[in-house]
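To start, the structure under review is shown below, and the notes come after it.
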Amino acid sequence: MQSAKWRNRKGQVVIRLLPDLSLRLWQVWYRNFLVFRRNFLVNFLLPMGEPLLYLVAMGYGLGVFIKQIDGVSYARFIGPGLVSVAMMYASFFECTYSSFVRMIFQRTFDAIIATPVNVEEVVAGEIFWGATRAALNSTMVYVVVILFGLGPVWLLPFVPVFGFVCGVLFASMGMIATAVVPSIDFFNYPIFLFITPMFLFSGTFFPLTTLPKAVQTISYVLLPLTHIVRINRGLILGHPDVTLLGSLAWILVVGAAAFFTALALMKRRLIK
Amino acid sequence: MPDVTKPTETPLVVAEGLVKRFGELAAVDGISFEIAPREVVGFLGPNGAGKTTTIRMLSCNSPRTSGRLEVFGLDVALHPREIKAQLGVVPQDNNYDPDLSVIENLLLYARYFGISARIARQRATELLEFVHLTDKSGEKVDELSGGMKRRLILARGLINTPRLLVLDEPTTGLDPQARRLIWERLRELRQRGVTIIITTHYMDEAEQICDRLLIMDSGKVIATGSPQSLIGEYAGNEVLEVVPEDGAATTVESALGECRFQKLGDKFEIFASDCPGALERIRNHVRLTSYSVRRATLEDVFIRLTGRELRD
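So the sequences go chain by chain: A and B. So the first sequence is numbered by our numbering: it starts at 972 and just counts up by one. So the second sequence is numbered by our numbering: it starts at -14 and just counts up by one.
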């Protein structure tokens, strides 16, 4: 990426508007893919297991007590929620615990930045890899949703695309945490304060309208998953409306902001 | 003997008044040096002397605070990618990829340099041969011995056939056989014309493989020269070791007068070259439990220049 920059008289770059990124970042992505491929079956099939349990336990177990929710069966209601949660978990966890292990314990990043690949490319490669995992996992969950007859087949090719976009957002947020935590145990904070509340209060398992107005507002303003669930549910249950574009814009803007923030903070952590 | 202290060709590395601060602390405090092509230069110094910081700056991974630093005639802040493309780095930690096999580590690293798969495979095969790891090619790195891991990191640092190889404590923690194999490989690389920068805590290592040494302490270069010239200059040729009877230490000190010496418990180490007749003078005053004469070593120089206190 050729970016605007100001140089001083010595020609040193003083201010840079966009990070110094090149296609080399895909080599970092490829490194993670190579390792992922090692344990392909575990990595690829296991993500189907958990939503399967949720769908059976909640959709059909708990669902017996819930006749209809927003005009559909409970299983049908939570299907899009589970797809959304997969987009969040896969990318956030990849770019927190896994990235932290690579950065601190394996010193992989140090090894890579001794080559023509720079820090920004390492971090971008990690984020895009986290996003790839979000795409893969959410697709697998959607396959389960289809198998249970809870969603249309024609949406399947769009799930990984949207999963990747949302994955960039959550991977970047995970990377921001990775850039600031003093040790690996500190990831418990963003998980407790951000991820778990989102899991519960983004309209995943019950409609937001049951919550007090103030909580609804907070949910719309602050929680990315709320917007992702809206879009997924609107499309999968077949009642999209124009306000979903607002949610998409929210995801794109916040995602881009988180991406560039993650790059800047990680550079500060790694280059001293 | 060739004059190795003043490089004559265009230097590969030029540092001038180089400073690196971390807050108040000046980790590198205004050092200047040049490194000529095909030189093997060792950075010596106690922990915290600024060796690793210097190496990190010239590997373009730590921006300098002030001063000039050029590698291959290019400023490290302006041309990091061009410099790193021709630089081989062997870091202090073995930061290999534990999830991949020996050869996969090399092939993957080649990709970061943009080396094509075909050339990468050819070079990886040659390099595994070079570091005697050919039969370990398909094994997981975690299963290798310490010496083998180190050799793998050396091979990885050579995957881009660098003009300049930078090694940060390449043999720390290895057994003598493993160290010797690495030294032998480094000499071979020098034969092939690779310029080498190395940091080490081992004086024998510095003496074995370096043409020239820079001794650092508290962020400054305090002495520079070939191992032999440093020994001659700072320790003389011989060291007289004397152990006096109990309670006679102060008498020995006064008998030595202006002579340079160091104390190691009850033992005196006297730089004999510039202290003629020391042994006789001491024996005139006190009875000795034991005495001996040995050749001066680089370690004598090092301790003399940097003192005895522990640095952590």
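Idealized CB from N, CA, C, for every residue including glycine.
Limits of the unbroken alpha helix (DSSP H) element including residue i
| i | result |
| --- | --- |
| valine 26 of chain B | Per DSSP, valine 26 of chain B belongs to no alpha helix (DSSP H); it is in the beta strand (DSSP E), 25 to 29. |
| threonine 291 of chain B | 283 to 291 |
| proline 65 of chain B | 65 to 70 |
| glutamine 1187 of chain A | 1184 to 1193 |
| threonine 184 of chain B | Unbroken run through threonine 184 of chain B is the beta strand (DSSP E), 180 to 184; no alpha helix (DSSP H). |
| leucine 1219 of chain A | 1215 to 1241 |
| phenylalanine 7 of chain B | Phenylalanine 7 of chain B -> not in any alpha helix (DSSP H); beta strand (DSSP E) instead, spanning -2 to 7. |
| lysine 36 of chain B | 36 to 43 |
| glutamine 1039 of chain A | Premise fails: glutamine 1039 of chain A is in no alpha helix (DSSP H) and is neither H nor E. |
| threonine 1167 of chain A | 1167 to 1172 |
Own chain residues within Cβ distance below 6 Å of residue i, not counting five before or after
| i | result |
| --- | --- |
| glycine 1134 of chain A | Met1058, Ala1105, Ala1106 and Ser1109 |
| glycine 95 of chain B | According to the sequence displayed, residue 95 of chain B carries alanine and not glycine. Excluding sequence neighbours, alanine 95 of chain B sits near Ala105 and Ile144. |
| threonine 50 of chain B | Val4, Lys5 and Arg6 |
| valine 75 of chain B | Ile138, Leu139, Gly142, Leu152 and Pro155 |
| methionine -14 of chain B | Note that methionine -14 of chain B has pLDDT 46, beneath the 50 cutoff, so the model's placement of it is unreliable and the number below is only indicative. Closer than 6 Å at Cβ, skipping near neighbours: no residue. |
| serine 1131 of chain A | In the sequence as displayed, the identity of residue 1131 of chain A is proline instead of serine. The answer, listed in chain order, is Ala1106 and Thr1110. |
| valine 1186 of chain A | none |
| proline 990 of chain A | Glu1091 and Leu1234 |
Cβ-Cβ distance between residue i and residue j below 9 Å
| i | j | result |
| --- | --- | --- |
| methionine 1237 of chain A | valine 1090 of chain A | yes |
| proline 1161 of chain A | methionine 1144 of chain A | yes |
| phenylalanine 57 of chain B | leucine 149 of chain B | yes |
| isoleucine 16 of chain B | proline -4 of chain B | no |
| valine 206 of chain B | leucine 273 of chain B | no |
| leucine 54 of chain B | isoleucine 200 of chain B | no |
| proline 1022 of chain A | asparagine 1203 of chain A | no |
| valine 1116 of chain A | isoleucine 1207 of chain A | yes |
| glycine 52 of chain B | alanine 102 of chain B | no |
| alanine 234 of chain B | lysine 248 of chain B | yes |
| glutamate 67 of chain B | proline 22 of chain B | no |
| glutamate 190 of chain B | glycine 73 of chain B | no |
| glycine 1096 of chain A | arginine 1002 of chain A | yes |
| leucine 91 of chain B | leucine 112 of chain B | yes |
| tyrosine 97 of chain B | arginine 1240 of chain A | no |
| leucine 166 of chain B | histidine 117 of chain B | yes |
| aspartate 231 of chain B | serine 211 of chain B | no |
| leucine 1017 of chain A | isoleucine 1049 of chain A | no |
| serine 1218 of chain A | threonine 1188 of chain A | no |
Beta strand (DSSP E) segment containing residue i, residue limits
| i | result |
| --- | --- |
| methionine 201 of chain B | 197 to 202 |
| serine 17 of chain B | 10 to 20 |
| tyrosine 276 of chain B | 273 to 280 |
| alanine 1028 of chain A | Unbroken run through alanine 1028 of chain A: none, as it is neither H nor E. |
| serine 993 of chain A | No beta strand (DSSP E) contains serine 993 of chain A, which DSSP labels as neither H nor E. |
| arginine 53 of chain B | 51 to 56 |
| leucine 152 of chain B | 149 to 153 |
Sequence-distant residues of its chain with Cβ nearer than 8 Å to residue i (five each side left out)
| i | result |
| --- | --- |
| glutamate 154 of chain B | Gln77, Thr184, Thr185 and His186 |
| valine 1225 of chain A | Leu1140 and Pro1195 |
| glutamate 192 of chain B | Pro212, Thr282 and Leu283 |
| valine 1200 of chain A | Pro1051, Gly1052, Ser1055, Ser1173, Gly1174 and Thr1175 |
Cross-chain neighbours of residue i in chain C, by beta carbon under 8 Å
| i | result |
| --- | --- |
| lysine 69 of chain B | Among the protein chains in the structure shown, which are A and B, there is no chain C. |
7 Å CB neighbourhood of residue i in its chain, flanking five on each side removed
| i | result |
| --- | --- |
| lysine 121 of chain B | Val87, Leu129 and Met133 |
| threonine 38 of chain B | Lys5, Ala12, Val13 and Ser47 |
| leucine 1033 of chain A | Tyr1045 |
| leucine 171 of chain B | Ile181 and Ile194 |
| glycine 1205 of chain A | Pro1211, Asp1212 and Leu1215 |
| isoleucine 1098 of chain A | Cys1066, Val1139, Ala1142, Ser1143, Met1146, Phe1230 and Ala1233 |
| methionine 188 of chain B | Thr282, Leu283, Glu284 and Phe287 |
| aspartate 1041 of chain A | Phe1048 and Pro1178 |
For the structure I just gave you, are there three or more beta carbon pairs, one from the region 1054 to 1070 of chain A and one from the region 1037 to 1045 of chain A, closer than 8 Å?
Here the region 1054 to 1070 of chain A does not lie against the region 1037 to 1045 of chain A, with fewer than 3 beta-carbon pairs under 8 Å apart.
Does the region 1148 to 1158 of chain A come close enough to the region 1064 to 1076 of chain A to have 3 or more Cβ pairs within less than 8 Å?
Yes, since at least three Cβ pairs between the region 1148 to 1158 of chain A and the region 1064 to 1076 of chain A fall closer than 8 Å, the two stretches touch.
Should the region 1107 to 1123 of chain A be regarded as contacting the region 132 to 145 of chain B, the criterion being three or more beta carbon pairs within less than 8 Å?
Three or more Cβ pairs closer than 8 Å define a contact, and the region 1107 to 1123 of chain A falls short of that threshold against the region 132 to 145 of chain B.
Which runs of the alpha helix (DSSP H) at least 4 residues long sit entirely within the region 1042 to 1089 of chain A? Give them in chain order.
Within the region 1042 to 1089 of chain A, the complete alpha helix (DSSP H) runs of at least 4 residues are 1045 to 1064 and 1079 to 1084.
Contact the region 7 to 20 of chain B vs the region 1166 to 1182 of chain A: 3+ CB pairs below 8 Å
These segments do not touch.
Under 8 Å: do the region 118 to 128 of chain B and the region 72 to 87 of chain B share three or more Cβ pairs, one atom per stretch?
These segments touch.
Enumerate, from N- to C-terminal direction, the unbroken alpha helix (DSSP H) stretches of 4 or more residues contained entirely within the region 78 to 142 of chain B.
The DSSP assignment places 87 to 97, 102 to 115 and 131 to 142 as complete runs of the alpha helix (DSSP H) inside the region 78 to 142 of chain B, in order along the chain (cut-off: 4 residues).
Complete runs of the alpha helix (DSSP H) confined to the region 187 to 261 of chain B [at least 4 residues]
Counting only runs of 4 or more, we get 188 to 194, 212 to 219 and 234 to 241.
Quick test of the definition: if touching needs 3 or more C-beta pairs under 8 Å, does the region 270 to 288 of chain B touch the region 216 to 226 of chain B?
Yes, the region 270 to 288 of chain B is in contact with the region 216 to 226 of chain B.
Do three or more CB pairs link the region 60 to 69 of chain B to the region 1073 to 1083 of chain A at distances below 8 Å?
At 8 Å Cβ cutoff, the stretches do not touch.
Residue ranges of each alpha helix (DSSP H) within the region 1125 to 1153 of chain A, 4 or longer
Fully enclosed alpha helix (DSSP H) runs of 4 or longer: 1129 to 1151.
Determine, using beta-carbon pairs with one atom in the region 235 to 255 of chain B and one in the region 264 to 272 of chain B, whether at least three such pairs fall under 8 Å.
Yes: the two stretches touch, three or more of their Cβ pairs being nearer than 8 Å.
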